C-alpha cells in the first residue's frame, strides 16, 4: 500500500507533464494558424491594393482610347456621365443623348444631306425600347473595360446587367410602356422638337434634333425603383426617401450613370472606396466590383445602401443626435468621412470631430458643413439631399 501511495505523486507529475506538453502543442498550433491567417490576409490585402491600382489604370486607358475614337468623327467629346446617357452607333455617325437632369433629348446624325424626320423618329423609337442590358452590350467603353478587368483582375465580382428600360419610362411617363405608347411619345417629341445644322469634320454636316420632355418625368423613375429601395431601407433601418434622394442627387436616376473616377450606376459606387468598405462588410473581405455588377440595379442599390448604413451606424455612431449624424453621413457619402471631420477639426480624425459635433445643435452642424466642407460640390450636395428627402417622403 505504501508503495502505491509513494508512486502516485510520480504518476500525477507524469500526467501533468503530458497535459502541459499537449497544451503547449495545441497552443503552438493555434499560434501558427493565427500567424498563417494574418500572413494570408496581409498578402490578400496587398494583392487587392495592387488590383485597385490596375483597375484604375485600365479604366483611364480605355477612357482615353474611347475619347480619341469619338474625336475622329465629332468636333467635341460627349460621353455618358452622372446625369446624362450618351450612345453612339457602331460607326460613330449617330449620337443619341438623354439628359436626365434637364429632361432634354438629342439625336445627332453626321451626313452630307439633311435626314428626314422619320429617320430621327426611328432613332428615338429604338432609344425608348432599349434595355440596360442592350445598352451595356452596345457600349464599347464598358465592354472593353469589363473584358480587360476579367483578364487581369483575380478578385473581381461580375453580374448580368438587368433588362430594365434605360429611358423608355422617362420618355413616355409610363413604367411599362407599350409600343403604342412609345409611338405616341415619339410623335410628341418630333412635333415639339427642332432640327439644327452645323459643320462636322470632313466637309460633312451634323444634323441635330432636340426636344424637351414634360416636367417631373424623373418621378416615374423614382416610383420604378421605390420597391427595391424599400427592401434595402428596411434591411438597414434607413428611410426610403433618404435613399431615393441620394439616387436623385447622385445620378438623376440615370441607370447607366458613369464617371471617370470611376463610379457606376444609380448610386454612383466607386469600387476603390464605397465598394471596398461594403464588400468587406458583405462578403468578409474586400473585392473589386466590375461595371456589369454595378450596372445591375439590385446590386447597385444594395451596395449604396450598405455604404450609407456603414457611414451612419459605424463611422459616425458616436454622434448622439440622429439628425446631426444624418447630416454627417450624407456629406460623407459624397466626399468621405475624413473630409467631413476636417470641416470641424481641420484634421481627418473622426473621433475628434465627434466630440465637437456632440456639443452642437443639428442646425449648427448643418451650417458648419455648409460653410466649411472642403469641396463646393459637397456643400450643395448636402442641401440637395435634405430638400429632396421631403419630396420623396410623399411619392
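Numbering (my numbering), first residue to last: 804 to 1198.
C-beta atoms are modelled at their ideal positions from N, C-alpha and C, and glycine is treated no differently.
None of the values given here were measured: they were computed from a predicted structure.
Where residue i falls: helix, strand or coil (DSSP)
i	result
residue 891	strand
residue 1052	helix
residue 1066	strand
residue 937	helix
residue 1001	strand
residue 1198	coil
residue 856	helix
residue 1176	coil
residue 875	coil
residue 1192	helix
residue 805	Any reading at residue 805 needs caution, since the residue's pLDDT is 49, under 50, leaving its predicted position unreliable; the model's value is listed next. Residue state, collapsed to three classes: helix.
residue 1142	helix
residue 863	helix
residue 976	coil
residue 1187	helix
residue 920	helix
residue 951	helix
residue 1161	coil
residue 1148	helix
residue 881	coil
residue 1024	helix
residue 994	helix
residue 886	coil
residue 981	coil
8 Å Cβ cutoff met for residue i and residue j
i	j	result
residue 1092	residue 1138	no
residue 962	residue 1095	yes
residue 1056	residue 1019	no
residue 913	residue 1007	yes
residue 971	residue 941	no
residue 886	residue 1090	no
residue 890	residue 938	yes
residue 1074	residue 1100	no
residue 1086	residue 1110	no
residue 862	residue 1065	yes
residue 1047	residue 1112	no
residue 1140	residue 1147	no
residue 969	residue 922	no
residue 957	residue 854	yes
residue 1098	residue 964	yes
residue 992	residue 908	yes
residue 1003	residue 846	no
CA nearest to the CA of residue i, picked from the options
i	options	result
residue 947	1003, 867, 1084 and 1167	867
residue 1165	1154, 1129, 1183 and 1018	1129
residue 1123	1158, 1145 and 933	1158
residue 1189	1044, 1072 and 1116	1044
residue 1106	1083, 892, 942 and 1131	1083
residue 1005	990, 1037, 920 and 896	896
residue 1104	1079, 1085 and 1068	1068
residue 990	1100, 916 and 928	928
residue 857	954, 907 and 1195	954
residue 875	894, 1147 and 864	894
residue 924	899, 936 and 935	899
residue 869	1099, 880 and 1090	880
residue 888	1136, 974 and 1031	974
residue 994	1013, 1009 and 938	1013
residue 1194	1066, 1063, 1021 and 1127	1021
residue 906	1035, 1075, 981 and 996	996
residue 1144	1162, 1117, 1163 and 1172	1172
residue 918	1063, 1010 and 864	1010
residue 851	1163, 1191 and 1080	1080
residue 1102	1178, 1179 and 1071	1071
Paired residues, beta bridge with residue i - DSSP
i	result
residue 912	897 and 1010
residue 907	902 and 1015
residue 1041	Note: residue 1041 sits in no beta bridge, so no partner.
residue 1061	1067
residue 960	1092
residue 968	934
residue 1072	1067
Alpha helix (DSSP H) runs wholly inside the region 1075–1138, at least 4 long, in chain order: The DSSP assignment places 1079–1086, 1094–1097, 1100–1113 and 1125–1138 as complete runs of the alpha helix (DSSP H) inside the region 1075–1138, in order along the chain (cut-off: 4 residues).
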